[in-house]
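Worksheet: the structure to be examined is printed underneath.
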Amino acid sequence: MKYLIPLYIFFGLHLAKAQTLEITAPKILATYPAYLETSIKDRRFKHEEIVPLIKALRNKPGFEVSVAGQSVEGRDIYLVRAGTGPVKVLLWSQMHGDEPTATMAMMDVFNFLADAGGPLDEWRQLLLKDLSLYFIPMLNPDGAERFQRRNALDIDLNRDAVRQQTPEARLLKQIRDSLQADWGFNLHDQSRYYSAGRSGQTASFSFLAPAYNTEKDINEVRLRSIQLIANLDQLIEQYLPGRIGRYDDEFEARAFGDNMQKWGTSTILIESGGLPNDPEKQELRRYHYLLLLSAFEAIRSESYAQYTKEDYFLIPENKRLLHDLIIREASWQKDGQTYLIDLAFRQIERLYNGARLVYYEGRLTDLGDLSTFSGYEELDASDMLLQAGKMYPRIFFDLKELQRSDNYRNMLAQGYTDVRLQRMPPKEIAAQQPLKLHPADTKKANNELHLNGNPSLLLVKGGEVQYAIVNGRLFELAK
Ligand SMILES: [Zn+2]
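So that you can map any letter, position 469 of the sequence shown is 469 in the working numbering, and since no number is skipped, the others follow by simple counting.
Laid out in structure tokens, this is it:
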């Protein structure tokens, strides 16, 4: 049923004013594969990869492409205009260099908006007639180059809205002022460890209608963003039930969203979060595409006006309550005492190959009573004993020899989680192994429980190893 709910139910009541058109979320998603920009496949694409996509829009009718300015390191920052309508919508993505989901979605939106004669052409033309859409894809190309939040000066652009010392922040302010944009879309990614309220579900998207003063007053400008968010929330909840959060609205005097709102542009913050089994956020990218096009329709048709601030405040607040893995209620013996203990691990991203690739390193991020936290993956270990993994006595020559010599499951079942090699593979290869690898001169495995460590652990029942935890990942052995 959820895939049959048409947008006009959400966007419907005000269609008397705008032209009525039966556009549905299922139609937007069904036609999406044709507009997916396939040259962008993961989160760590660079400026040089999107520039040709943006330049190609120069040849498309209805588009205007200009170089609006340069980053600290001289990378061109583009302004793309589509549509000629009276309502001005400004969208900027990736002001934090490692927050690229909206940039990916923008590339797909460009493909849609450029497709004259496509299956949704009638609606596409309505959008372009009623709206003027201004996109700044990747406001922080130098940060994207390093896949880091801040720009090349290590300044956070989103704390430079007032002082405007960085060329990127100055540019964004200039563009807003010159357009006097009615709407602003401030597009970010948030930690995948945020949950939507206390549900234990990851907040796949979080919204915020930023406050424009410390009192968090709601004026007409902010009310419109509140209403549009309530409209979008109702739509996207159909696809990601329980996975939508509301960001803390404490006033941040230096941030762009808060100041945009103050300057008179109704501003919507969209944070792309996490989704199970979507580490490169390609599913979230698809839903982001749906959100952007749906927002354009909501603005065009003024369907947002039927929503209230009560609808908005019903969206559960973001809580930072998630880990990748939680082991619950294991028994842990130390110095003659037995403790009941929960363990939480997260996977820390490590970049390599010029920040184009990533591998993951486990980290023990919390221990103790974690009953108020949730994991992407969880294990009830209430009948199991937690033990440190052991170092395998023999030293192997290299990974090949190790892989030939024995089944890793047998080694783990005997309690051996750590192995020494004379020739270590690169870190990104070592991190993928089900055994923790050490150089040959390592004396001991060092698998004690310490916060922020990466211990290899065993969960034992009746003297038999049931599970092993290596590099923050859980391996089942009992089958
Ligand atoms: Zn951000």
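The C-beta atom is built at its ideal place from N, Cα and C for all residues, glycine as well. Since we're looking at a predicted model, the values are computed, not measured.
One or two residues paired with residue i in a DSSP bridge
| i | result |
| --- | --- |
| GLY245 | SER206 |
| GLU349 | TYR360 |
| ASP418 | MET391 and LYS436 |
| TYR134 | ARG81 and LEU90 |
| SER301 | Paired residue(s): none; SER301 is not in a bridge. |
| GLN164 | In the DSSP output, where bridge partners are listed per residue, GLN164 has none listed. |
| ALA102 | In the DSSP output, where bridge partners are listed per residue, ALA102 has none listed. |
| LEU379 | ILE327 |
| GLN337 | LYS334 |
| ARG271 | One point to set straight first is that residue 271 is Glu, not Arg, in the sequence displayed. Answer is HIS188 and SER206. |
| SER374 | LEU322 |
Where residue i falls, given that 16 or more other Cβ within 10 Å makes a residue buried
| i | result |
| --- | --- |
| PRO210 | buried |
| ALA440 | exposed |
| TYR467 | buried |
| PHE345 | buried |
| GLY143 | buried |
| ARG394 | exposed |
| GLY462 | exposed |
| LYS281 | buried |
| TYR352 | exposed |
| GLN19 | For GLN19, the predicted model reports a pLDDT of 49, less than 50, meaning its position is unreliable and no value from the coordinates is stated. |
| LEU140 | Note that residue 140 is Asn in the sequence shown, not Leu. Per the 10 Å Cβ criterion, buried. |
| GLY83 | buried |
| ALA161 | buried |
| ASN259 | buried |
| ALA34 | exposed |
| ASP335 | exposed |
| LYS400 | exposed |
| GLU377 | exposed |
Neighbourhood of residue i by C-beta, 7 Å cutoff - its chain only, sequence neighbours within 5 removed
| i | result |
| --- | --- |
| LYS309 | ILE218, LEU223 and ILE226 |
| GLU73 | ASP142 and ALA152 |
| LEU284 | THR101, SER204, SER272, LEU275 and ASP278 |
| PRO167 | GLY69, GLN70, SER71 and VAL72 |
| PHE475 | LEU412, PRO434, TYR467 and ALA468 |
| PHE135 | VAL80, LEU91 and MET106 |
Endpoints, alpha helix (DSSP H) assigned at residue i
| i | result |
| --- | --- |
| PRO439 | Segment 436-439 is the beta strand (DSSP E) holding PRO439; no alpha helix (DSSP H) there. |
| PHE513 | Residue 513 cannot be examined here, being either before or after the span of the chain that is shown, 1 to 479. |
| GLU145 | 141-146 |
| SER405 | 399-405 |
| ASP233 | 220-236 |
| GLN261 | 256-263 |
| ALA56 | 47-56 |
| ALA30 | 25-30 |
| GLU428 | 427-430 |
N-terminal and C-terminal residue of the beta strand (DSSP E) that residue i is part of
| i | result |
| --- | --- |
| ARG81 | 76-82 |
| GLN500 | Outside the shown range of the chain, which is 1 to 479, sits residue 500, and nothing can be said about it. |
| HIS188 | 183-189 |
| LEU457 | 457-461 |
| LEU120 | It is not in any beta strand (DSSP E) - LEU120 carries neither H nor E in the DSSP assignment. |
| GLY69 | 63-70 |
| PHE475 | 473-476 |
C-alpha distance - residue i paired with residue j, whole-angstrom precision
| i | j | result |
| --- | --- | --- |
| ASP177 | GLN347 | 42 Å |
| LYS129 | LEU364 | 54 Å |
| ILE9 | ARG163 | Low per-residue confidence applies at ILE9: pLDDT is 47, beneath 50, and the placement is therefore not dependable, though the value from the model is reported in the following sentence. If I take the Cα positions, the gap works out to 44 Å. |
| ASP369 | ASP342 | 6 Å |
| GLU252 | ASP156 | 13 Å |
| ALA305 | ILE229 | 11 Å |
| SER191 | ARG198 | 16 Å |
| ILE77 | GLN333 | 58 Å |
| ALA478 | PHE396 | 26 Å |
| LEU314 | LEU325 | 29 Å |
| SER301 | ARG473 | 48 Å |
| ARG423 | GLN234 | 55 Å |
| ALA25 | THR31 | 10 Å |
| THR372 | LEU322 | 9 Å |
| GLN414 | LEU459 | 12 Å |
| ASP484 | ASP189 | Absent from the model: residue 484. The displayed extent of the chain is 1 to 479, so no value can be given. |
| VAL470 | MET106 | 38 Å |
| SER195 | ASP249 | 16 Å |
| ARG81 | ILE327 | 50 Å |
| PRO52 | ALA295 | 26 Å |
| GLN201 | LEU291 | 20 Å |
| GLN442 | LYS46 | For the record, residue 442 in the displayed sequence is Thr; it is not Gln. C-alpha separation (whole angstroms): 39 Å. |
Same chain only: Cβ atoms within 6 Å of residue i, ignoring 5 sequence neighbours per side
| i | result |
| --- | --- |
| LEU480 | Residue 480 lies beyond the residue range present for the chain, which begins at 1 and ends at 479; the question has no answer from this structure. |
| ARG350 | TYR359 and GLU361 |
| GLY257 | ASN186, PRO210, THR267 and LEU269 |
Own chain residues within Cβ distance below 8 Å of residue i, not counting five before or after
| i | result |
| --- | --- |
| GLU329 | LEU340, ILE341, ASP342, ASP380, ALA381 and SER382 |
| GLU428 | ARG350, TYR352, LEU357 and TYR359 |
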